[in-house]
Every structure is written in C-alpha cells, then in structure tokens.
Amino acid sequence: MKRRSATLVAAPWLFTVGFFLLWEIACRAFKVSSFVLPPPSLIFAAMGQFAGPLTYHSLHTLWMTLAGFGLAILFGLLLGIALGASRLVQVGTYPLLIGFNAIPKVAVVPILVIWFGVGWLPPVLTAFLISFFPIVVNVATGIATIEPETEDVLRALGASKWDIVRKVGIPRSMPYFFGSLKVAITLAYVGSVIGEYNASNVGVGNLMARASADFNVPLLFAALMALAILGVVIYLLTVWVERRMTGWAQRSNFAAA
Amino acid sequence: MAGVRAPFVALDDVTHVYPGAEDGAPAVESLSLAVGEGEFVAIVGPSGCGKSTVMKLATGLQFPVLGTVTVAGERVTAPVKLAGMAFQNPTMLPWRTTLQNLLLPLEIVEPHRSAIRRRKAEYVAKAEGLLTQVGLKGQGERYPWQLSGGMQQRASLCRALIHEPKLLMLDEPFGALDAFTREELWCVIRDLHAARGVTVVLVTHDLREATFLADRIFCMSARPGRIVAERVVDLARPRDLEVTYTPAFVGIVQELRAHIAQARIAA
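Protein sequence lines, in the order shown, are assigned to chains A and B.
For what it's worth, the numbering used here labels the leading residue of the first sequence as 276, then goes sequentially.
For what it's worth, the numbering used here labels the leading residue of the second sequence as 44, then goes sequentially.
Here is the structure:
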C-alpha cells in the first residue's frame, strides 16, 4: 500500500521528464530541424536567454487574464443568480445567451480593436467575453435545482424569494460555481492571449506574434512553455480556492477511490 | 374532546387541482377537517391520496381552487409564517453545521430575524437545549452529513421547533428510518408535543405510528382525496411503547386498516 502511493506521487514527475526526454531523443535521432521543432534543450536555453522579457510579458498576460476573469465572475454571478431565481429571465434570455456563446470570440477581436484601439482593453474584454458563459450556466443551475422540500420549509416560515435565493440558492450553487471557474479561467487565458496576439503591444500573445514574424522558433516555443507553466499555475490556484471554499461538497470518497 | 375546542386549523369543503396537472384531476376534493389548538392529528391513507396536499394547503404553500382554509382564525391567503415543517428527507443544508441549520428559521422569522445578531448567544443556547432534548447533546458543531439518518431527522425536528411554531407539520418524517430508530423518535415527538402544547399534523402511512401518537386520526380515500373516516384515539397519555401491544391499540390499528383497504378497493 505504502509503496503504491509513493509510485503514485512520483508518477507525474516521471511521466513529465520522460516526455521531454523522448522529445529530445526523437529530435536528435531523426535530425529534426530546430526551425520546425526545436528540441527541449534548445527551448530551455531560449527560456534562459529571454528570461527577462518572458517574465515581463507573462506577468502582463496573467494580469489581463485575471482582469477579464474577475469581470466574468462578477457578471456571471449576477446573471446566473437572476437566471436561477427567475424563470422569466431564464426563458427570456436563453436564446440570446446561446446565440452569443456560439460566436467564436476571435471574431469579436476586430470589433474590439475598432472600438478601443490597440491596448489592454481588447485582451481583457476578450478574456471576459469568452469565459463568463460557463459561470452563468452553472450558477443558474445550482440555484434552479433547490430541493422543493427545502423551499417549502422556508416558505412556510414566511421567507421571501430573495431569502431563499440568499440562504439556500447561492450557497448550494457554490460547488457548481467553483467547478465552472476551472473551465472559465482556462477560457479567459485563451481569450487574453488571442486578444494580445491581435491587439496589444505587450503580453505573451504579442511576444509570440513578434517572434513568429521574426521566425524566432525557439523563442516561440519558449513562449508556449511559459504559457503552459502559467496556465498550470492559475488552474491550480482555482482548484485550491475551490477546495478551501466548498469542502462540504467534496465529502464523498468517490473521486478519491 | 377535540370538538369542544375552537378549530385552530380548518379546511372547509376544499378542492384542489395543482396548476399544470396534466389530467386536470383534483388532488383532493370536497375535503373538510378541523384540528383543535394543541391537538395531535394524524392523516393516513393509501399512497398518492393527497396527504401531502393537505399539508401544503394548511400551511398556505398552495391555495385551494374551491373552499376555504383557516388557520388561527384567519383565512389563509399566503404562507402562514407560524408553521414548522419536517419531511421524510431531513433537508439539512450541508454547508451549515447542525447548529447553524437549527438557527436558520430564526434568520427568517420575525421578531428573531432582526435580533439574530444581538441575541445570538441566547439563540445558540436555545438550539443546544433542543438538541439535548432530542438526544443530540454536543452534536451541534458537526455537519449534518456526519450524522446518521436518525440523528439528522432529530435535528430536522429541532429546526422545525426552534422558532416555537404554533403548528408543526410532519410529512412522513420517519419513513426512511429503521424500525428501532422510528420508535425512538415516536417517543421524542410524543415528549416534545407534551412539553410544548404545539398543534401537530402528522401525515403518515404507518398506522401504528398514527395510533401511538395522535389524539385523532383521519383516513383519506384514494385520489381525489377526501376524508372517509375519523377515529378518536382514546388511549390514555402519556403512552409508552408497551401500549402498542395492548388489544385496544391493535383494535384501532385494525379498524384503520379496514378503512384504508376499503378506500383502495373503491379506487
């Protein structure tokens, strides 16, 4: 039992290191041009060489992502509560919401550029637009699925609709909400990079646009690597917040088994 | 003995059809019953007969299509605000500790609602007192999902009583429990009723439960529900579990059983 759990702890590291080793070996064995696919050693070297700019642009991307994500949380919570609490709002806005969500957000970036020019607004807004939908849907679901008996208990006490939403609906939608944050943060990240790529002078997206124009492939891959690391970090951050906030919802051993 | 007192809850020739009922068939039809203040009444009947509908009508969660519902001398046009409810499902909120669950009604009902911050210590003491009364002393800090089904049901009863309601509505509260726990909780309810003089309406399909607890039992017909029989339980109080093995008790249960059987055949 003990040995098995030690293996489990080591497994992610072993697999990750193995992946890069295989990549390195394959690049050398098949003599792949570093212009097409640079070996990890070259990418890591580029990361060292461009550590300064990479950090600077990564922090900017992180800031854009979190700003857009913050807006999405605020707007998503409000709209989700309205949708969950009122059947009328839900039925009325659903076609609009679905239609809006169906639009690929890349297509919105040119409009944002016309409105706001090149700068920090297009990445933030792209991140926001792309990431609020899952939050809305999940919060609305959490509130709309209050057990009828719980509602009866409270209504028989004279509770108003808002009382029920506040005391039961919102707390019970929190596991859904935090679950949706894991999806939303990833989407917001995609959104901010797209926004930066097309309409910004800073950020990893912009750095990649410039590296791509210069055919600086190692830098391009170094930037990708930075994106991956940053992505993992912000994902873990939301998971950590979720655990802290809704421990009561993860009481079953189902996922652990 | 019940007829002497002025009715506290009265359903008068009530017919109810749920909005959105596909067949438009009434859930209850021309149903009348009256419950005196402080009385313990049980409603029994075949499943699907509209027992729960009676509860919803009496608490103002539903309004009848025909007839009137009166509670505490006033016609019911909104949820009654003085009722405590407990269901088969304990409906404890999992993100609150048991104690916080108990305090929930006080966060809703006036005058406690506006005093909850000021009188918090007093309310907590009251909740702990109730928990002790039902045998859950010191369990308040645990979450409901850390308690067994029977313990959760006890806590649910406490929550229904914390704001000292005039009316306690119990909808098959022990349906999901094992026989031993159920009998234990019968005694808990019996003692709470005796100590507080609260009016209780118990909906159940367990005839022994109804006979053991109630002053009066109403038998309902199959859907659309109406009252087909009324039986006063004249067993002396306080009742012990031993009473359930006496011929008088068994006689009442069998009599009720015959009514229900008839109601099912008639359906």
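For every residue, glycine included, the Cβ atom is placed at its ideal position computed from N, Cα and C.
Model, not experiment: these values are computed from the prediction.
Of the residues the options, the one placed nearest residue i, counting alpha carbons only
{"i": "Ile-421(A)", "options": "Val-411(A), Gly-433(A), Arg-441(A)", "result": "Arg-441(A)"}
{"i": "Gly-394(A)", "options": "Leu-363(A), Gly-470(A), Val-465(A)", "result": "Gly-470(A)"}
{"i": "Thr-58(B)", "options": "Gly-81(B), Glu-82(B), Val-97(B)", "result": "Val-97(B)"}
{"i": "Gly-417(A)", "options": "Pro-370(A), Leu-371(A), Gly-351(A), Ala-463(A)", "result": "Gly-351(A)"}
{"i": "Gln-305(B)", "options": "Ala-279(B), Val-246(B), Ala-272(B), Phe-292(B)", "result": "Ala-272(B)"}
{"i": "Leu-354(A)", "options": "Leu-371(A), Val-443(A), Leu-495(A), Leu-400(A)", "result": "Leu-371(A)"}
{"i": "Pro-133(B)", "options": "Ala-198(B), Gly-93(B), Glu-72(B)", "result": "Ala-198(B)"}
{"i": "Ala-279(B)", "options": "Ile-270(B), Gly-268(B), Leu-256(B)", "result": "Leu-256(B)"}
{"i": "Gln-195(B)", "options": "Gly-178(B), Thr-242(B), Asp-249(B)", "result": "Gly-178(B)"}
{"i": "Lys-124(B)", "options": "His-206(B), Glu-171(B), Glu-65(B), Arg-274(B)", "result": "His-206(B)"}
{"i": "Gly-480(A)", "options": "Val-458(A), Ala-503(A), Ala-459(A)", "result": "Ala-503(A)"}
{"i": "Thr-247(B)", "options": "Ser-95(B), Val-112(B), Ala-70(B)", "result": "Ser-95(B)"}
{"i": "Ala-77(B)", "options": "Glu-215(B), Thr-254(B), Val-276(B), Arg-259(B)", "result": "Arg-259(B)"}
{"i": "Glu-285(B)", "options": "Glu-227(B), Gly-172(B), Ala-68(B), Asp-249(B)", "result": "Glu-227(B)"}
For residue j and residue i, the rounded distance between their alpha carbons
{"i": "Val-384(A)", "j": "Gly-343(A)", "result": "14 angstroms"}
{"i": "Ala-531(A)", "j": "Pro-122(B)", "result": "At Ala-531(A) the pLDDT is 49, less than 50, meaning the model places this residue with poor confidence; the figure from the coordinates comes in the next sentence. Straight-line Cα distance between these residues: approximately 44 angstroms."}
{"i": "Ala-357(A)", "j": "Val-366(A)", "result": "11 angstroms"}
{"i": "Cys-262(B)", "j": "Pro-423(A)", "result": "26 angstroms"}
{"i": "Val-24(B)", "j": "Pro-290(B)", "result": "Because chain B in this structure spans residues 44 to 310, residue 24(B) falls outside the shown range and cannot be described."}
{"i": "Tyr-61(B)", "j": "Leu-74(B)", "result": "15 angstroms"}
{"i": "Leu-429(A)", "j": "Ile-151(B)", "result": "8 angstroms"}
{"i": "Phe-391(A)", "j": "Ala-484(A)", "result": "20 angstroms"}
{"i": "Arg-300(B)", "j": "Gly-91(B)", "result": "17 angstroms"}
{"i": "Leu-211(B)", "j": "Thr-175(B)", "result": "19 angstroms"}
{"i": "Gly-327(A)", "j": "Arg-139(B)", "result": "48 angstroms"}
{"i": "Ala-501(A)", "j": "Ser-467(A)", "result": "14 angstroms"}
{"i": "Met-276(A)", "j": "Ile-295(B)", "result": "With a pLDDT of only 48 at Met-276(A), under 50, the local geometry of the prediction cannot be trusted, and the value read off the model is given with reservation. Distance between the alpha carbons of Met-276(A) and Ile-295(B) is about 60 angstroms."}
{"i": "Met-44(B)", "j": "Ile-86(B)", "result": "For Met-44(B), the pLDDT reaches just 43, beneath the cut-off of 50, and the residue's location in the model is therefore unreliable, leaving the point undetermined."}
{"i": "Ser-264(B)", "j": "Glu-426(A)", "result": "28 angstroms"}
{"i": "Leu-512(A)", "j": "Ser-487(A)", "result": "30 angstroms"}
{"i": "Thr-282(A)", "j": "Gln-324(A)", "result": "35 angstroms"}
{"i": "Val-114(B)", "j": "Phe-51(B)", "result": "6 angstroms"}
{"i": "Val-307(A)", "j": "Ser-361(A)", "result": "59 angstroms"}
{"i": "Ala-347(A)", "j": "Phe-83(B)", "result": "53 angstroms"}
{"i": "Leu-149(B)", "j": "Phe-130(B)", "result": "19 angstroms"}
{"i": "Arg-303(A)", "j": "Phe-496(A)", "result": "17 angstroms"}
{"i": "Met-449(A)", "j": "Ile-460(A)", "result": "16 angstroms"}
{"i": "Leu-482(A)", "j": "Ala-382(A)", "result": "21 angstroms"}
{"i": "Val-399(A)", "j": "Met-339(A)", "result": "5 angstroms"}
{"i": "Arg-269(B)", "j": "Glu-72(B)", "result": "6 angstroms"}
Beta-carbon neighbours of residue i, restricted to chain B and to distances below 8 angstroms
{"i": "Glu-517(A)", "result": "By Cβ distance, chain B contributes nothing, its closest Cβ being about 14 angstroms from Glu-517(A), past 8 angstroms."}
{"i": "Lys-226(A)", "result": "The requested residue 226(A) does not occur in the structure, where chain A is confined to residues 276 to 532."}
{"i": "Val-443(A)", "result": "Leu-136"}
{"i": "Trp-523(A)", "result": "Pro-137, Trp-138, Tyr-186, Trp-188"}
Under 8 angstroms by beta carbon: chain A residues contacting residue i
{"i": "Phe-130(B)", "result": "Glu-424, Asp-427, Val-428"}
{"i": "Pro-154(B)", "result": "Under the 8 angstroms cutoff, chain A gives no residues; its nearest Cβ is about 12 angstroms from Pro-154(B)."}
Burial state of residue i (16 or more Cβ within 10 Å)
{"i": "Val-516(A)", "result": "exposed"}
{"i": "Phe-305(A)", "result": "exposed"}
{"i": "Arg-447(A)", "result": "buried"}
{"i": "Val-47(B)", "result": "With a pLDDT of 48 at Val-47(B), under the threshold of 50, the predicted position of this residue should be treated as unreliable, though the coordinate-derived value follows. It counts as exposed."}
{"i": "Pro-107(B)", "result": "buried"}
{"i": "Trp-229(B)", "result": "buried"}
{"i": "Ala-53(B)", "result": "buried"}
{"i": "Arg-519(A)", "result": "exposed"}
{"i": "Gly-522(A)", "result": "exposed"}
{"i": "Leu-494(A)", "result": "buried"}
{"i": "Val-119(B)", "result": "buried"}
{"i": "Gly-293(A)", "result": "exposed"}
{"i": "Gly-67(B)", "result": "exposed"}
{"i": "Gly-172(B)", "result": "exposed"}
Chain-ordered chain A contacts of residue i [CB-CB under 9 angstroms]
{"i": "Thr-102(B)", "result": "Asp-427, Arg-430, Ala-431"}
Within chain C, the residues that residue i reaches when beta carbons sit closer than 7 angstroms
{"i": "Leu-147(B)", "result": "Of the protein chains in this structure, namely A and B, none is chain C."}
Chain-ordered neighbours of residue i on chain A, where CB pairs are closer than 7 angstroms
{"i": "Val-123(B)", "result": "Ala-431"}
{"i": "Ala-126(B)", "result": "Ala-431"}
Neighbouring residues, chain B, relative to residue i (Cβ below 9 angstroms)
{"i": "Pro-398(A)", "result": "Chain B residues near Pro-398(A): none, gap ~36 angstroms exceeds 9 angstroms."}
Beta-carbon neighbours of residue i, restricted to chain B and to distances below 7 angstroms
{"i": "Ala-434(A)", "result": "Ile-151"}
{"i": "Asp-438(A)", "result": "Ile-151"}
Any non-hydrogen atom of the ligand NAD closer than 6 angstroms to residue i Cβ
{"i": "Met-500(A)", "result": "With respect to the ligand NAD, the structure offers nothing, as it holds no ligand at all."}
>> I'd like to know if the stretch 473-481 of chain A and the stretch 166-176 of chain B are in contact, where contact means that at least 3 CB-CB pairs between them fall below 8 angstroms.
In response: no
> Should the stretch 153-161 of chain B be called in touch with the stretch 230-246 of chain B, which here means at least 3 C-beta pairs below 8 angstroms?
Replying inline: no
> How do the stretch 403-412 of chain A and the stretch 95-108 of chain B stand: do at least 3 beta-carbon pairs fall below 8 angstroms, yes or no?
Replying inline: Flag = no, the stretch 403-412 of chain A and the stretch 95-108 of chain B do not touch.
> Between the stretch 180-197 of chain B and the stretch 135-152 of chain B, do at least 3 Cβ pairs fall closer than 8 angstroms?
Replying inline: yes
>> Contact between the stretch 281-293 of chain A and the stretch 309-324 of chain A is defined here as three or more beta-carbon pairs at a separation below 8 angstroms; is this criterion met?
In response: No, the stretch 281-293 of chain A is not in contact with the stretch 309-324 of chain A.
>> Taking 8 angstroms as the cut-off, does the stretch 396-409 of chain A touch the stretch 431-438 of chain A (at least 3 CB pairs, one atom from each stretch)?
In response: Remark: fewer than three beta-carbon pairs, one from each stretch, lie closer than 8 angstroms, so the stretch 431-438 of chain A and the stretch 396-409 of chain A are not flagged as touching.
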